[in-house]
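Chains as they are written, first to last, in this note's numbering: chain G, 13 to 180; chain V, 422 to 607. We treat Cβ as the ideally placed atom computed from N, Cα and C, and that holds for glycine. As the structure is a computational prediction, the values presented were derived from the model and not from experiment. Report on the structure given below.
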Amino acid sequence: MSKYFIPLIILFIFLIAVFKKIKLYDTFTNGAKSAVPYIVGIFPFLVSIFILTELFEKSGLSDLIADLFSPVFNFFGIPKELTKLVLIKPFSGSGSLAMLSEIFKEYGVDAYISRCACVIYGSSETVFYIASVYFVSGKKHKLTLPIIISLTATFFSCVFACFICKIL
Amino acid sequence: MNVIFGTIIIISIITLILKNPDTVLSAMLQGGENALSLSMKLVVIYAVWLGIFEVLDKTKLTDKISRVLYKPNRLLFGELPEKANGYMSINIISNIFGMSGATTPFGIKSILELEKHKNTEYAIAMFFVVNATSIQLISTSVIALRISYNSIAPTSVILPTILATAVSTITGILLVKVFIKREKYV
């Protein structure tokens with residue numbers, strides 16, 4: 013059912029455009045053109061955040077912090093196998109997706125740990141990535157508090173995820 | 422952002438120098454390479470979605486969407502400039518339905534538009550938190566990955582994910598309401 017959703021929306025938009033006598037080719041090309049300046053704009057931020065993620069991983073700092081945090085996380089019901097996923101997700105979407113498939117391989121895709129990991133992955137966002145990419149203009153914003161709020165909310169949902177996966 | 426970036430990067434580099442100094446530069450270059458390959462993917466995704474949304478914009482359907490979302494938006498973000506309301510509406514709709522290619526460009530557009538006005542710090546903070554706590558209902562990449570690992574119930578995680586998403590977003594919204602002051606934009 014859901015696989016028809018996006019294609020149908022696209023078809024619907026194009027049909028209305030044709031019906032309203034909009035120049036489809038010109039308009040579409042015009043929109044597509046603006047993709048390039050966006051990428052050029054966010055590229056430096058992407059580079060910085062990816063270098064950060066790479067160093068964080070390679071230095072073993074992420075493992076160290078994972079070990080450090082895992083008793084605390086455990087206390088709130090987050091299994092120690094998932095501490096690293098919870099910590100990496102705010103930095104990198106692709107990194108945590110790779111971690112998700114590692115977890116599937118190790119514990120089996122339908123195990124509690126794996127289902128929990130799916131819910132944690134699906135219900136959280138790449139907080140630091142958004143914080144760096146959305147604010148390309150370089151204007152100063154007080155983002156510290158919003159970042160802390162987002163991370164706190166994410167932690168809540170992770171705790172909730174591990175709890176709900178036990179029942180559902 | 423500067424504090425977080427600085428702290429993590431300096432501690433990481435110190436640990437790497439102690440363990441294996443060769444890897445410092447190679448890790449940084451690897452990071453850059455990852456950023457480039459992601460950019461290559463993103464530019465295509467953005468081109469497709471921005472093309473579609475340009476067409477959508479010309480059909481005047483975006484005006485309808487932003488009018489429908491005007492009231493809920495006002496409740497959440499406070500009074501908004503008209504243009505910003507439009508961009509934010511598209512960002513939120515595409516977020517919910519997991520059209521991630523459209524969320525980032527319209528997220529950037531929204532912030533740039535909000536920055537043109539004064540006293541929009543609350544709206545910006547709320548908009549950031551809503552985006553950063555995930556409002557996507559179904560994560561297609563997770564389902565696809567579960568299917569590729571031959572799960573017996575690939576969609577079993579959908580309901581818990583929606584519930585957990587609700588928990589994070591509602592918590593985020595409440596915290597912003599408590600800790601950040603709302604002012605009228607100028």
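The Cβ neighbour count for Glu-69 of chain G, taken over all protein chains shown within 10 Å, is at least 16; the residue is labelled buried. Put simply, the CB of Ile-545 of chain V is near chain G, with a gap under 8 angstroms to one of its CB atoms.
Near chain V, meaning a CB-to-CB distance below 8 angstroms, the residues of the stretch 143-163 of chain G are Ala-143, Ser-144, Val-145, Tyr-146, Phe-147, Val-148, Ser-149, Lys-151, His-153, Lys-154, Leu-155, Thr-156, Leu-157, Pro-158, Ile-159, Ile-161 and Ser-162. With respect to chain V, the C-beta atom of Ser-113 of chain G has a partner C-beta closer than 8 angstroms.
Of all residues in the stretch 68-98 of chain G, the ones placed with a Cβ closer than 7 angstroms to any Cβ belonging to chain V are Phe-68, Lys-70, Ser-71, Gly-72 and Leu-73, in chain order.
Neighbours of Ile-573 of chain V in chain G, taken as residues at a C-beta separation under 7 angstroms, are given in chain order as Asp-122.
By alpha-carbon distance to Glu-454 of chain V, the top candidate from G:Val-48, G:Pro-49, G:Asp-38 and G:Phe-55 is G:Phe-55. At least 8 angstroms separates the CB of Met-509 of chain V from every CB of chain G. A distance below 7 angstroms between beta-carbons, with the five flanking residues on each side excluded, links Ile-434 of chain V to the following residues of its chain, in chain order: Val-445. Annotated three-state conformation of Met-520 of chain V is coil, per DSSP. For Thr-483 of chain V, none of the residues of chain G pass the 7 angstroms Cβ criterion, the least Cβ distance being about 10 angstroms. Taking a C-beta distance under 8 angstroms as the contact criterion, Gly-593 of chain V and Val-563 of chain V do not qualify as a contact pair.
Per the coordinates, the alpha-carbon of Pro-83 of chain G lies some 8 angstroms from the alpha-carbon of Lys-92 of chain G. Contact of Arg-567 of chain V with chain G is assigned, a C-beta pair being separated by under 8 angstroms. Flagged as an interface residue toward chain G: Gly-593 of chain V, by a C-beta distance shorter than 8 angstroms. Only Leu-459, Ser-460, Met-461, Leu-463, Val-464, Val-465, Ile-466, Tyr-467, Ala-468, Val-469, Trp-470, Leu-471, Gly-472, Ile-473, Phe-474, Glu-475, Val-476, Leu-477, Asp-478, Lys-479, Thr-480, Lys-481 and Leu-482 from the stretch 458-492 of chain V bring a Cβ to less than 9 angstroms from some Cβ of chain G. Distance from Val-131 of chain G to Pro-575 of chain V at the Cβ level is roughly 13 angstroms; contact not present, criterion being Cβ atoms closer than 8 angstroms. A straight line joining the alpha-carbon of Phe-81 of chain G with that of Tyr-119 of chain G spans about 22 angstroms. For Met-449 of chain V, the three-state secondary structure derived from DSSP is helix. Using a Cβ-Cβ cut-off of 8 angstroms, Pro-526 of chain V counts as an interface residue toward chain G, since at least one Cβ of chain G sits closer than that to its own.
Contacts with chain V (Cβ-Cβ distance below 7 angstroms) from the stretch 19-34 of chain G involve Ile-22, Ile-25, Phe-26, Ile-28, Ala-29, Lys-32 and Ile-34, listed in chain order. Counting only Cβ-Cβ distances below 8 angstroms, Phe-426 of chain V has contacts in chain G at Ser-60 and Leu-64, in chain order. Between the stretch 497-515 of chain V and the stretch 61-79 of chain G, the count of Cβ pairs shorter than 8 angstroms is below three; the stretches do not touch. Taken in chain order, the unbroken stretches of alpha helix (DSSP H) that lie wholly in the stretch 449-503 of chain V and span 4 residues or more are 482-498. Per DSSP, reduced to three states, the secondary structure at Phe-55 of chain G is helical.
Counting along the chain, the unbroken alpha helix (DSSP H) around Val-30 of chain G starts and ends at 17-31. The Cβ atoms of Ile-22 of chain G and Ile-559 of chain V do not sit closer than 8 angstroms to each other. The alpha-carbon separation between Ile-100 of chain G and Ala-468 of chain V amounts to approximately 28 angstroms.
Note on Pro-493 of chain V: under 16 other CB atoms within 10 angstroms of its CB, so exposed under the neighbour-count rule. A contact between stretches requires three or more CB pairs, one per stretch, nearer than 8 angstroms, and the stretch 60-67 of chain G fails this requirement with the stretch 516-531 of chain V. Taking the Cβ atoms as the reference, Ile-529 of chain V lies roughly 12 angstroms from Ile-545 of chain V, outside the contact range of under 8 angstroms.
In the DSSP annotation of this structure, Lys-101 of chain G is not part of any alpha helix (DSSP H), being labelled neither H nor E.
Per the coordinates, the alpha-carbon of Ser-108 of chain G lies some 35 angstroms from the alpha-carbon of Tyr-491 of chain V. Shortest Cα-Cα distance from His-153 of chain G to any of V:Lys-539, V:Tyr-570, V:Ile-579 and V:Ile-556 involves V:Lys-539. Using a Cβ-Cβ cut-off of 8 angstroms, Ala-110 of chain G does not count as an interface residue toward chain V, since no Cβ of chain V sits closer than that to its own.
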